[in-house]
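Chemist: No gaps in the numbering here: position 140 of the sequence shown is 181 in my numbering, and each next residue is one more.
One structure is given below, represented as structure tokens, and several questions about it will come after.
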Amino acid sequence: MAKVVAEMRALLAAVLIAAGTPALAQQVLIVVDLSEQRMTVSEAGATRHVWPVSTAREGKCTPLGDFVPEWLSRHHRSTLYDGAPMPFSIFFEGDYAIHGTDQVERLGAPASAGCIRLHPDHAEILFGMVGRVGLAETLVRIVE
């Protein structure tokens, strides 16, 4: 039931945002632009951060669309890629996550297996924002 409520809130938030109306006073909107390899983070309708990211490299896929984060993991390690560190993970759409990376020199260009990589300092800031407002008050939008 909680997932249905979260999906309905995300849909309402997307409709309100598309209409130019702030969805919720504390809403965190994370927009990832794949073509620019850039993330813009807004809170309560105001842009707070713009950061470089790395998304899926050739042959891999970062999903497009609107997503409500499903769970958080502060000290996550990949179960798919040899225990690779994924600090400050914000999981959405199954195994996909926004997380910190130790490959900061690759930020700004596609390099991942599908996740959205951030500088660890930025990942920590974003993790804190999402933790503060809550998963249901956060929307991840991924565009081409």
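All residues carry an ideal CB built from backbone N, CA and C; glycine is no exception.
1) To the nearest angstrom, report how far apart residue 182 and residue 108 are at their CA atoms.
2) Return the CA-CA distance between residue 167 and residue 80, expressed in angstroms with no decimal places.
3) If you drop the 5 nearest sequence neighbours on each side, which residues of the same chain put their C-beta closer than 7 Å to that of residue 94?
4) Is it true that the CB of residue 184 sits closer than 8 Å to the CB of residue 75?
5) For the segment 137 to 175, which segments carrying the beta strand (DSSP E) assignment without a break, of at least 3 residues, lie completely within its bounds, in sequence order?
6) Quick one: grab the DSSP three-state call for residue 111.
7) Note the first and the last residue of the continuous beta strand (DSSP E) segment covering residue 125.
8) Which partner residues does residue 98 have in the DSSP bridge list?
Modeler: Taking the structure as given:
1) Linking residue 182 to residue 108 through their CA atoms gives a straight-line distance of about 6 Å.
2) So the alpha carbons of these two residues sit roughly 11 Å apart.
3) The residues are 73, 78, 79, 80, 148, 157, 158, 159.
4) Their beta carbons are under 8 Å apart, which means residue 75 touches residue 184 by this criterion.
5) Counting whole runs of 3 or more residues, the segment 137 to 175 contains the beta strand (DSSP E) stretches 137 to 141, 157 to 159.
6) Reduced to three states, the DSSP call for residue 111 is coil.
7) Premise fails: residue 125 is in no beta strand (DSSP E) and is neither H nor E.
8) BP columns for residue 98 are empty, so no partner.
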